[in-house]
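**Q**
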Ligand code: NAD
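Listed below in structure tokens is the structure:
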């Protein structure tokens with residue numbers, strides 16, 4: 006029997022509506038600032054999407070599109086300015102930065118209580134200890150989708166493909182916090198197929214189209230495809246061979262329309278919760 010297709014779009018719309026209703030009752034609105042350095046078309050369209058989400062939720066939105074030759078000092082000045090602005094509760098710095106700028110230094114400059122993407126080491130440390138309040142958007146989006154479809158990681162074998170700081174590692178932590186038995190795979194994993202075939206919950210975030218073939222999916226598994234790749238025909242695809250996996254899995258996310266929209270709604274929730282912690286009512 007074909008898998009249940011996990012509808013991220015519908016869930017994300019509901020999440021945003023809940024944020025909107027909450028924000029509507031607030032006297033001082035939450036505010037999000039997005040900082041973008043350079044003219045990368047994908048980043049520009051991503052930034053525009055954040056603006057749309059904020060408008061839908063009633064969140065104040067400000068954007069800083071800095072030229073590609075922005076200096077270290079100029080970037081740090083913008084971050085410091087946003088750190089001090091009371092109308093801004095969340096700062097999202099779009100990564101990667103151009104090569105002449107230090108990502109690490111820029112991320113460290115963001116006030117941790119405004120780090121709505123959960124990239125600051127202070128927030129990553131709290132995530133590790135399970136005491137954080139700001140959640141990393143994409144891994145938290147995956148957890149929200151699992152919860153929505155009542156897929157409980159407790160006692161399950163969870164396999165995460167990818168070990169990046171923004172997706173793979175925090176994803177493993179969140180699954181572990183929900184009592185999954187977690188394996189993290191990467192480019193040096195000797196037999197990826199063998200690891201994946203054991204997964205009750207398989208989260209793919211390698212950014213490699215076609216990496217996960219149908220024979221790597223366990224019968225009845227939940228397959229969560231985080232990746233967003235160009236499919237070579239002008240469209241998008243994930244890492245998973247969807248046509249094959251949908252016949253074996255019990256649950257599967259589509260790309261697009263799976264994890265992506267939920268990730269965006271988590272950013273709205275994080276901005277709202279940062280504002281509430283900043284005393285906005
Ligand atoms: P990344 O390139 O930083 O990390 C990829 C990871 O995958 C690495 O740890 C690498 O070891 C592993 N990997 C790569 N090839 C592999 C292989 N052949 N076998 C095993 N492991 C392999 O990427 P990222 O920033 O973590 O993003 C991953 C994917 O998720 C990308 O496609 C990105 O576009 C997508 N993404 C989606 C969202 C969303 O909201 N849906 C958010 C962030 C990233």
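In the working numbering, the protein residues as written are 6 to 286.
The beta-carbon is built from N, C-alpha and C at its ideal position, and this holds for glycine as well.
Just so it is clear, the structure is predicted and the values come from calculations on it, not from any experiment.
I'd like to confirm something about residue 68: is its beta-carbon nearer than 7 Å to some heavy atom of ligand 1, or not?
**A** Position 63 of the chain shown, counted from the start, is the residue given in the question as residue 68. Checking the Cβ of residue 68 against ligand 1 gives no.
**Q** I'd like to check one pair, residue 141 with residue 175: are the Cβ atoms closer than 8 Å?
**A** Walking along the chain shown from the start, residue 175 turns up at place 170. Walking along the chain shown from the start, residue 141 turns up at place 136. Going by C-beta atoms, residue 175 is nearer than 8 Å to residue 141.
**Q** Let me check one thing: in DSSP terms, what residues is residue 235 bridge-paired to?
**A** Here residue 235 is taken as the residue at index 230 of the chain shown, counted from 1. The partner list for residue 235 (beta bridge, DSSP) reads 241.
**Q** Would you report the Cα separation of residue 79 and residue 280, rounded to the nearest angstrom?
**A** Position 74 of the chain shown, counted from the first residue, corresponds to residue 79. Position 275 of the chain shown, counted from the first residue, corresponds to residue 280. Using only the alpha carbons, I get a separation of about 26 Å.
**Q** Counting only runs that start and end within the region 87-140, where is the alpha helix (DSSP H) found for 4 or more residues in a row?
**A** You should have 108-114 and 126-134.
**Q** Please identify the residue among 225, 98, 66 and 164 whose C-alpha is closest to the C-alpha of residue 91.
**A** The count along the chain shown starts at 1 and reaches residue 91 at position 86. When only C-alpha atoms are compared, the closest one is 66.
**Q** Given the structure, does residue 184 come close to ligand 1, in the sense that its CB is under 7 Å from one of the ligand's heavy atoms?
**A** Within the chain shown, the letter at position 179 stands for residue 184. No - ligand 1 has no heavy atom lying nearer than 7 Å to the Cβ of residue 184.
**Q** Given residue 214, which residues of its chain have a CB within under 7 Å of its CB, disregarding the five upstream and five downstream residues?
**A** The count along the chain shown starts at 1 and reaches residue 214 at position 209. Excluding sequence neighbours, residue 214 sits near 234, 236, 242 and 244.
**Q** Flag residue 143 as yes when its Cβ comes closer than 7 Å to any non-hydrogen atom of ligand 1, and as no otherwise.
**A** By one-based count along the chain shown, residue 143 stands at place 138. Residue 143 Cβ: within cutoff of ligand 1.
**Q** If you follow the alpha helix (DSSP H) that residue 277 is part of, which residue opens it and which one closes it?
**A** Start at 1 with the first residue of the chain shown, and residue 277 comes out as number 272. It spans 264-282 - the alpha helix (DSSP H) in which residue 277 sits, taken as one unbroken run.
**Q** Using alpha carbons as the reference points, say which of 252, 94 and 231 lies closest to residue 224.
**A** What you label residue 224 is simply residue 219 of the chain shown in a count that begins at 1. It is 252 whose Cα lies nearest to the Cα of residue 224.
**Q** Could you give the first and the last residue of the continuous alpha helix (DSSP H) run that contains residue 181?
**A** As a position in the chain shown, residue 181 is number 176, starting the count at 1. First-last of the alpha helix (DSSP H) with residue 181: 173-182.
**Q** Rounded to whole angstroms, what's the CA-CA distance from residue 12 to residue 193? Just pull it up for me.
**A** Residue mapping note: residue 12 aligns to position 7 of the chain shown, counting from 1. Residue mapping note: residue 193 aligns to position 188 of the chain shown, counting from 1. If I take the Cα positions, the gap works out to 32 Å.
**Q** What number of angstroms, rounded off, separates the C-alpha of residue 85 from the C-alpha of residue 276?
**A** Locating residue 85 in the chain shown gives position 80, where the first residue counts as 1. Locating residue 276 in the chain shown gives position 271, where the first residue counts as 1. Straight-line Cα distance between these residues: approximately 18 Å.
**Q** Is residue 232 near ligand 1 - that is, is its Cβ less than 7 Å away from at least one heavy atom of it?
**A** Reading the chain shown from its first residue, position 227 is the one you call residue 232. Checking the Cβ of residue 232 against ligand 1 gives yes.
**Q** Report the three-state DSSP secondary structure of residue 28 (helix, strand or coil).
**A** Sequence index remark: in the chain shown, residue 28 carries index 23 (1-based). Of the three classes helix, strand and coil, the one that applies to residue 28 here is helix, per DSSP.
**Q** Could you tell me whether any non-hydrogen atom of ligand 1 is closer than 7 Å to the CB of residue 169?
**A** Taking the first residue of the chain shown as position 1, residue 169 is located at position 164. Indeed, a heavy atom of ligand 1 lies less than 7 Å from the Cβ.
**Q** Please confirm whether any heavy atom of ligand 1 lies closer than 7 Å to the CB of residue 97.
**A** Here the question's residue 97 lines up with position 92 in the chain shown. Incorrect: residue 97 has no Cβ contact closer than 7 Å to ligand 1.
**Q** Find out if the Cβ-Cβ distance for the pair residue 208, residue 260 is shorter than 8 Å.
**A** Indexing the chain shown from 1 puts residue 208 at position 203. Indexing the chain shown from 1 puts residue 260 at position 255. Not closer than 8 Å, so no.
**Q** So, with DSSP's three-state summary, where would you put residue 154?
**A** One-based indexing of the chain shown puts residue 154 at position 149. Note: residue 154 maps to coil in three-state DSSP.
**Q** Please state the DSSP three-state secondary structure of residue 185.
**A** For the purposes of this step, residue 185 is taken as residue 180 along the chain shown, with counting starting at 1. Of the three classes helix, strand and coil, the one that applies to residue 185 here is coil, per DSSP.
**Q** Looking at residue 47 and ligand 1, is the gap between the Cβ and the nearest heavy atom below 7 Å?
**A** Along the chain shown, one-based indexing puts residue 47 at 42. No, Cβ of residue 47 sits at least 7 Å from all heavy atoms of ligand 1.
**Q** Could you tell me if the beta carbon of residue 212 falls within a distance shorter than 7 Å of some heavy atom in ligand 1?
**A** Translated into positions along the chain shown, residue 212 becomes position 207. Yes; taking the cut-off as 7 Å, the Cβ of residue 212 has a heavy atom of ligand 1 nearer than that.
**Q** Identify every residue that forms a DSSP beta bridge with residue 78.
**A** Locating residue 78 in the chain shown gives position 73, where the first residue counts as 1. According to DSSP, which records beta bridges pairwise, residue 78 is partnered with nothing at all.
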